[in-house]
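S.K.: What follows is a single structure, and I will ask about it in a moment.
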Amino acid sequence: MRDLVDAIKICCYVFDVTKRKLIVFFLLAVLVFVGLSVYLIFKSFSPIFAAPASYNPTFEVTVADKNTGANSDINITIDNPAGSKINKTVIFTIPAGWQIAQGTSVSDNLKIADGTLNIGLPLINLIPIPFAIYNSQVNIGVHRADFLVDISPLPIKFDIFLDGDVDSGYTIRVDSPLSDVSLIKPTTLNVTLLGASSVFANPTQRGFYNWTAEFHSSDEEVVTQTSRVNIR
């Protein structure tokens with residue numbers, strides 16, 4: 002009888018120890034889960050937790066009508082693939098020979114471009130943000146043209162300025178209003194410069210023309226990409 006009692010005591014002891022181990026294991030599992038969840042949430046919202054990213058934006062320019070002198074739509078696409086940093090500033094160089102009207106010779110508030118920015122925000126899927134670009138004579142100053150970017154779904158409007166001429170080429174500097182926002186890559190920017198606005202016209206000479214985009218990341222890394230356009 003004593004042996005039976007001792008056996009029961011041993012079983013109870015083993016069960017009690019096992020139960021306590023299971024409780025400890027469960028609590029540790031809960032702590033790990035909570036800690037991992039908090040980490041992932043903060044990682045989504047803060048660049049402090051972000052892993053180092055590469056910087057490899059891509060740039061492509063195409064024209065709908067390749068004929069010389071045509072008032073063609075010009076399509077510009079910029080991609081920041083998964084793992085790439087976000088653009089803080091982009092400086093575009095348009096080659097000599099392209100014809101771009103003086104801002105003061107174009108109607109104020111004339112729409113010259115349509116665009117879409119496909120972005121992601123923390124905990125939100127990729128969303129398209131439409132915008133439009135208008136000729137503006139408000140802040141043109143010494144520049145050849147002042148283009149007003151209106152991101153209508155958001156309370157964001159800002160000017161970008163065109164400098165240069167048909168003989169030397171043109172430059173446009175764009176400082177992104179979203180460079181400090183934690184975006185999820187990939188992001189894609191599509192812009193169509195409207196030929197119907199008569200602001201833009203192809204070169205009058207046939208040949209290959211190189212458009213260039215100089216990308217600057219928020220930590221000042223610089224990448225330059227070129228897109229070749231064939232005018233025939």
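Each residue of the sequence shown is one higher than the one before, starting from 2 at the first, in my numbering. Just so you know, even glycine gets a beta-carbon here, dropped at the ideal spot from N, CA and C.
(1) How is the beta strand (DSSP E) around Gln226 delimited, first residue to last?
(2) Is there contact here, the stretch 203-219 with the stretch 82-96, by at least three beta-carbon pairs under 8 Å?
(3) Can you tell me whether DSSP reads Ser198 as helix, strand or coil?
(4) Please classify Gly227: is it buried, with 16 or more other beta-carbons within 10 angstroms of its beta-carbon, or exposed?
(5) Quick one: grab the DSSP three-state call for Ser106.
(6) Select from Phe159, Ala133, Val167 the residue whose C-alpha is nearest the C-alpha of Arg174.
(7) Please name the residue, chosen from Ser219, Pro131, Ile152, Ile75, that lies closest to Ser199 on a Cα-to-Cα basis.
(8) Just to confirm, is the Cβ distance from Ala146 to Gly104 under 7 Å?
(9) What are the boundary residues of the beta strand (DSSP E) that includes Trp212?
(10) Is the Cβ-Cβ distance between Ser73 and Asp80 less than 7 Å?
(11) Should Val224 and Ile77 be called a contact, given that it needs their Cβ atoms to be closer than 7 Å?
(12) State the Cα-Cα distance for the pair Leu111 and Thr59, rounded to the nearest angstrom.
(13) Leaving out five residues before and five after Arg207 in sequence, what residues of the same chain have Cβ atoms less than 7 Å from its Cβ?
(14) Apart from the five residues just before and just after Leu176, which ones in its own chain have a Cβ nearer than 6 Å to its Cβ?
(15) Going by beta carbon distance, what residues of the same chain come within less than 8 Å of Ser137, once the five residues before and after it are set aside?
(16) Please go through the same chain and pick out, in chain order, the residues whose beta-carbon is closer than 6 Å to the beta-carbon of Ala133, but skip the five residues on each side of it.
(17) If I follow the unbroken beta strand (DSSP E) through Asp66, where does it start and stop?
(18) For Val62 and Gly170, I'd like the C-alpha separation in whole angstroms.
M.R.: Inspection of the coordinates gives the following:
(1) 223-232
(2) yes
(3) helix
(4) Note that residue 227 is Thr in the sequence shown, not Gly. Flag for Thr227 reads exposed.
(5) helix
(6) Phe159
(7) Ile75
(8) yes
(9) 208-218
(10) no
(11) no
(12) 29 Å
(13) Thr69, Ile232, Arg233
(14) The sequence given here has Asp at residue 176, not Leu. Excluding sequence neighbours, Asp176 sits near Thr90.
(15) Gly104, Asp109, Asn110, Asp147, Phe148, Leu149, Asp160
(16) Lys112, Asp115, Asp151
(17) Run containing Asp66: none; DSSP gives neither H nor E here.
(18) 16 Å
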